[in-house]
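The block underneath contains the structure these notes are about, expressed in structure tokens.
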Amino acid sequence: MKAYITSSGVISPQNTHDSSGFPAAVNTFTANRLTCTEPDYRGLINPIQLRRMPRIIKMGLAASHLCIQRAGGSSPDAIIIGTGLGCMDNLEKFLVEVIDTNEHITSVLPFINSTHNAVAAQVAMLLNNHGYNVTYCHRGFSFESALGDALMRIGEGEAQNVLVGGIDECTGDFVKLNGYHGAWKQPLINLELASTKTAGTIAGEGSAFFMLSDNPIHDNCIAVEGVHTFFIPQGAQFDEIAAETDNFLQQNNTGRDEIDIVLLGINGDIVSDAGYNNMMENFFIPGTGFAMYKHLCGEYYTSSSFALWLGSVILENQSIPGVTQVLPAAGRSFKKLLIYNHYRNTEHTLILLGYGGI
Amino acid sequence: MENLIKQLKQDIIEALSLEDVVADDFNADTPLFVEGLGLDSIDALELILLMERKYGVKIEDPKERRNVLRNVKAMAECITNHRNSNG
Amino acid sequence: MHTRVFVTGVGIISAIGNGTEETLSSLNGLRSGIGQLSLFESVHGNIPVAEVKYNNIQLSGMAGVDPTIDTYTRNTLLALVAAQQAVKSAGWHGSTSQRNGCIMATTVGGMDYNERYYKSLLEGKYRDLLSVLDSADSTEKVAAHFGIRHHVTTISTACSSSANAIMLGARLIRNNRLSRVLVGGTDSLTKFTLNGFYALEILSPTGCRPFDSNRNGLTIGEGAAMLVLESEETADPRRVLCEITGYANVNEAFHQTASSSDGTGALLAMTKALEKASITPEDIGYINAHGTGTEINDLSEGRAIDSLFGSRVPPISSTKGFTGHTLGAAGAVEGVISVLALKNQVAWPGLNQSESMPELSFTPLSTVTPGPIRHVLSNSFGFGGNNTSLIFSNL
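Rendered as structure tokens:
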């Protein structure tokens, strides 16, 4: 069951919302928390509705609006979103008010906005869209669950075009709470993330939406050929990751030697990156190119949606942007790109992309 | 009453996140719902909470609510009446 | 090639009992689980709720979890209890096979811990609790318990959440992606949701009265329910309880919290579910309605039912008068009740009925009513216009 990416809309810590290609200039940060570069929402969302929207809903509406416009403006047959945290900001707000005021709350809006499917609901309302509408909230699987559902929806013949999104907002409380677990490095230059051999990573956020279609709109359309997730609660061993990856590739009629580029969820954490290093050194054939993305967008549950955008850009342009490259690809033409990411070595995900042009 | 109206306008702007609106943009008679400020049912809930929490006025009857929330003047009158009757 | 989807195991824990036997006994005995709030202190303590009648220590015992381990939220404990029942009744043990999945749903996640410990958490205390606060925790603990590794995910679409989880599971089997999948949902009672619904002014001060002309709001419940779905190929025929023949999810796109007065979203969901099942409205033997008891939902859903069924509305009731509105778990709780209705060929009444709604052509059942029931339509409608209908059928 494969589907084609016919457009995208991405809001991220990079300048990704202006156009769908790789930005001309890369934003560098000296921080352990990357914040999105946001468009002026007033141009994209009705100001009357805008006023009481929490930031994450604005990010979701704006990115989906960009995606839909670039796809020609038609309302999709389904809207499927993955978000690890949902509208955490409003959830925290309502929760704190309930606690602090001893249940004498003064505002109901944060409660309404705190439902995880608020973004998907608002997108549907804006488009007056009555199609299938589901939100996945499962940490590092959130986006892949949405993507897998979208592929199945198209494969079932229930949809021709599906709007799929991955969105998470980084909140101060989230950073603070995870900080107590040593999740974050000391502030550093984000582009140097992979070279630190220390614990911790940098927090990030983003909103990436894609229009998936049952038909490529042109020869060079990028295909999402497969999605796979596996959950290993005690932490995965290298051989388990290898077996799952082989299995996944086989199911998609692909071998290790056919993967031209692998886009990895390297996040700078010395323990977490061991799995990626092993994959680079031991799994693929020499000449396979490797790239990374979390130094550009930070670590967040749905960061693989940013990776999907980057992966599609790499294949479209048939080149790995220098700032993302870990090892160059030996080949001159790239047909298959694999995205591999994991969250805390328990949630592992694989996305296989194919280039339609050759 | 003047001061109360001024305060209420500010309360409304804050409670409903009316970022582009300032107090001078509407007067005490401007309709709050449908036309005028164009507020909706979720805003109505927020205003009911505002009346209750900040001004101690609980309005439960839907008809009375529609009446009281029709504009700022009506809200101010309701609050003033409540204050007067409670001494 | 599409595969038939069978239900081979069910588990349920709610205000009306632990397990299917207790649930059936309460339903047949017309015993509601709605009562006084006792789980926590609240200024809204006079509002009726439908609590599971076990505390967390008791639930730990039932789930086989060491009660001194603090990383099991009430949500997770409820889920484990229901999941173990379902898997046992399916004659399964769980396995790591790629052909198995675990799809669950919740709206509150570990909110019971969140609201108890939030301030302390922000100060750096109780660090081991951080990982159990979100919506994925229950799912992962259940999946880990049964060794399920693939297609492990959590859906959160407000009150239609677990109906959507059942739908996804059914689709994965139907499309031959999985042979067996554990699906369902869990939601525990929290101060957060109690206050949220209170502020929305949709809580009944007296206990919900779905589809009654004097209805005055919903009653929050809590619970968990799980189902084992299997493909025709792998299912042991002796374990098959019923079949899932129809499902549909649509978005009404009308309002963030309210449904439209003519029920277009509800109508669309039910119509599409019937189409999927290739049956007509006349084939439905019982409707387990969403029927929350709010002014808006019951009117909206009621009108949609009238539109769809015309003058021949089948036996209908909302069982939320028994279980309360179990929010994210409702789709699964009522899904299991629908399975029980089919298995036992009986439909249960709506409780606290006194006066029919003048706007509607039908009155819900007022007594325990025997079948025949060939197909049950189960509705779950959530905030954000998320409308899901499921159809459970006898073989």
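Protein chains in written order, with the working numbering: chain X, 1 to 358; chain L, 1001 to 1087; chain G, 2001 to 2395. From the three backbone atoms N, C-alpha and C, an ideal C-beta is built for every residue, glycine too. From a predicted model like this one, the values you see are computed outputs, not experimental measurements.
*Near-chain L residues of the segment 103-119 of chain X (beta-carbon distance less than 8 Å), N- to C-terminal order*: His104, Ile105, Thr106, Ser107, Val108, Leu109, Ile112
*From what residue to what residue does the beta strand (DSSP E) around Asp2187/G run?*
Within the third sequence, numbered from 1, the residue matching residue 2187/G stands at position 187. Note, Asp2187/G: beta strand (DSSP E), 2180-2187.
*Going by the CB atoms, is the gap between Ile1005/L and Val1072/L shorter than 8 Å?*
As a working note, residue 1072/L is residue 72 in the second sequence. As a working note, residue 1005/L is residue 5 in the second sequence. Closer than 8 Å, so yes.
*Alpha carbon to alpha carbon, how far is Ile56/X from His218/X? Give it in angstroms, no decimals.*
Position 218 of the first sequence, counting from 1, holds the residue named residue 218/X. Position 56 of the first sequence, counting from 1, holds the residue named residue 56/X. Cα to Cα, the separation comes out at about 32 Å.
*Below 8 Å on the Cβ atoms is my guess for Ile80/X versus Val164/X; work out the distance and round it to an integer in Å.*
Counted from its first residue, the first sequence places residue 80/X at position 80. Counted from its first residue, the first sequence places residue 164/X at position 164. With 8 Å as the limit, Ile80/X and Val164/X qualify as a contact, their Cβ atoms being about 5 Å apart.
*So with Cβ pairs under 8 Å, would you call Ser996/L a contact of chain X?*
In the structure displayed, chain L extends from 1001 to 1087; residue 996/L sits before or after that span and is not available.
*Does DSSP put Tyr293/X in a helix, in a strand, or in coil?*
In the first sequence, residue 293/X corresponds to position 293, counting from 1. Three-state DSSP puts Tyr293/X in coil, outside helix and strand.
*asked:* Between which two residues does the alpha helix (DSSP H) holding Lys1009/L run?
replied: Indexing the second sequence from 1 puts residue 1009/L at position 9. It spans 1002-1015 - the alpha helix (DSSP H) in which Lys1009/L sits, taken as one unbroken run.
*Using a Cβ-Cβ cut-off of less than 7 Å, list which residues of the segment 18-51 of chain X approach chain L; keep chain order.*
Pro47, Ile48, Arg51
*For Phe209/X, does the three-state DSSP call read helix, strand or coil?*
Numbered from its first residue, the first sequence carries residue 209/X at position 209. Of the three classes helix, strand and coil, the one that applies to Phe209/X here is strand, per DSSP.
*Could you tell me which of Lys185/X, Pro233/X, Phe174/X, Leu263/X sits nearest to Asn377/X, measuring between CA atoms?*
A question about residue 377/X goes unanswered here, because the residues of chain X that appear run from 1 up to 358.
_Whole beta strand (DSSP E) elements within the segment 156-221 of chain X, 3-residue minimum_ = 161-168, 206-213
*Just the C-alpha distance for Ile1042/L and Arg52/X, rounded to the nearest angstrom, thanks.*
For the purposes of this step, residue 1042/L is identified with residue 42 of the second sequence, where counting begins at 1. For the purposes of this step, residue 52/X is identified with residue 52 of the first sequence, where counting begins at 1. Roughly 10 Å separates the two Cα atoms.
*Would you kindly work out how many angstroms separate the C-alpha atoms of Met2062/G and Asn2114/G, rounded to a whole number?*
Along the third sequence, one-based indexing puts residue 2062/G at 62. Along the third sequence, one-based indexing puts residue 2114/G at 114. Looking at the backbone, the Cα of Met2062/G and that of Asn2114/G are separated by about 23 Å.
_Tell me which residues of the segment 2114-2134 of chain G have at least one Cβ-Cβ distance to chain X shorter than 8 Å, keeping chain order._
Asn2114, Glu2115, Tyr2118, Lys2119, Leu2121, Leu2122, Gly2124, Arg2127, Leu2130, Asp2134
*Between the C-alpha atoms of Asp18/X and Leu66/X, what's the straight-line distance to the nearest angstrom?*
Taking the first residue of the first sequence as position 1, residue 18/X is located at position 18. Taking the first residue of the first sequence as position 1, residue 66/X is located at position 66. C-alpha separation (whole angstroms): 9 Å.
*asked:* Would Tyr32/X and Leu188/X qualify as a contact pair, given that the criterion is a beta-carbon distance under 8 Å?
replied: To locate residue 32/X, count along the first sequence from 1; it is residue 32. To locate residue 188/X, count along the first sequence from 1; it is residue 188. Here residue 32/X turns out to be Asn, not Tyr, going by the sequence shown. Yes, the pair counts as a contact, with Cβ atoms nearer than the cut-off.
*Since Tyr180/X meets chain G, which of its residues come closer than 7 Å, beta carbon to beta carbon?*
In the first sequence, counting from the first residue as 1, residue 180/X sits at position 180. The contacting residues are Gly2124, Arg2127.
_Please identify, using Cβ separations under 8 Å, the residues of the segment 2283-2306 of chain G that lie next to chain X, in order along the chain._
none
*asked:* Which residues in chain X have a C-beta closer than 7 Å to the C-beta of Gln2256/G? List them in chain order.
replied: Residue 2256/G sits at position 256 when you count from the first residue of the third sequence. Per Cβ cutoff of 7 Å: Ile112, Ala121.
*Residues of the segment 2136-2161 of chain G with Cβ closer than 8 Å to any Cβ of chain X, in chain order*: Ala2136, Thr2139, Glu2140, Ala2143, Ala2144, Ile2148, Arg2149, His2150, His2151, Val2152, Thr2153, Thr2154, Ile2155, Ser2156, Thr2157, Ala2158
_Report the start-end ranges of each alpha helix (DSSP H) in the segment 2035-2103 of chain G that is 4 residues or longer and not cut off at the edges._
2056-2063, 2074-2089
*asked:* Taking the straight line between their C-alpha atoms, what separation do you get for Val98/X and Lys1054/L?
replied: Residue mapping note: residue 98/X aligns to position 98 of the first sequence, counting from 1. Residue mapping note: residue 1054/L aligns to position 54 of the second sequence, counting from 1. Distance between the alpha carbons of Val98/X and Lys1054/L is about 16 Å.
*Near His2044/G, which residues of its chain fall below 8 Å by C-beta distance, leaving aside the five closest residues on each side in sequence?*
Taking the third sequence and counting its residues from 1, the one referred to as residue 2044/G is at position 44. Excluding sequence neighbours, His2044/G sits near Leu2037, Leu2194, Asn2195, Tyr2198, Leu2203.
*Consult DSSP for Arg33/X and reduce its assignment to one of helix, strand or coil.*
Within the first sequence, numbered from 1, the residue matching residue 33/X stands at position 33. It is a strand residue.
*Say whether chain L places a C-beta atom closer than 8 Å to the C-beta of Ala2253/G.*
Along the third sequence, one-based indexing puts residue 2253/G at 253. False, the Cβ-Cβ gap to chain L never drops below 8 Å.
*From Arg2116/G, Glu2252/G, Cys2208/G, pick the residue whose C-alpha is nearest to that of Ser2042/G; which is it?*
Against the third sequence, residue 2042/G aligns to sequence position 42. Here the closest residue by C-alpha is Arg2116/G.
*Where the alpha helix (DSSP H) containing Thr1080/L begins and where it ends*: As a first step, residue 1080/L is located in the second sequence; it is residue number 80 there, counting from the start. Following the DSSP letters along the chain, one finds Thr1080/L inside the alpha helix (DSSP H) bounded by residues 1072-1085.
*Report all residues from its chain with a CB closer than 8 Å to the CB of Asn129/X; omit the five preceding and five following residues, and keep chain order.*
In the first sequence, residue 129/X corresponds to position 129, counting from 1. Closer than 8 Å at the Cβ level, and outside the excluded window around Asn129/X, lie Ser75, Pro76, Ile79, Val123.
*Please name the residues in the segment 2189-2204 of chain G whose beta-carbon is closer than 8 Å to at least one beta-carbon of chain L, in chain order.*
Close to chain L, meaning a Cβ-Cβ distance shorter than 8 Å, are the following residues of the segment 2189-2204 of chain G: Ala2199, Leu2200, Glu2201.
*chain G contact for Ile1059/L (CB, 8 Å cutoff)*: As a position in the second sequence, residue 1059/L is number 59, starting the count at 1. Ile1059/L does not count as touching chain G.
_Between the CA atoms of Thr2020/G and Ile339/X - distance to the nearest angstrom_ = The count along the first sequence starts at 1 and reaches residue 339/X at position 339. The count along the third sequence starts at 1 and reaches residue 2020/G at position 20. Cα to Cα, Ile339/X sits roughly 44 Å from Thr2020/G.
*Enclosing beta strand (DSSP E) for His2375/G [first to last residue]*: Position 375 of the third sequence holds residue 2375/G. Counting along the chain, the beta strand (DSSP E) containing His2375/G begins and ends at 2375-2382.
*asked:* the ligand NAD and Tyr1055/L: does the residue's C-beta get closer than 7 Å to at least one heavy atom of that ligand?
replied: The ligand NAD is absent from the structure shown, which contains no ligand whatsoever.
*If Gly82/X and Thr324/X are in contact, beta carbons under 8 Å, what's the gap, nearest whole angstrom?*
Numbered from 1 along the first sequence, position 82 holds the residue referred to as residue 82/X. Numbered from 1 along the first sequence, position 324 holds the residue referred to as residue 324/X. Actually they do not touch by this definition, with Cβ atoms about 22 Å apart.
_Interface flag, Ile68/X vs chain G, CB-CB below 8 Å_ = Sequence index remark: in the first sequence, residue 68/X carries index 68 (1-based). So no, Ile68/X is outside the interface.
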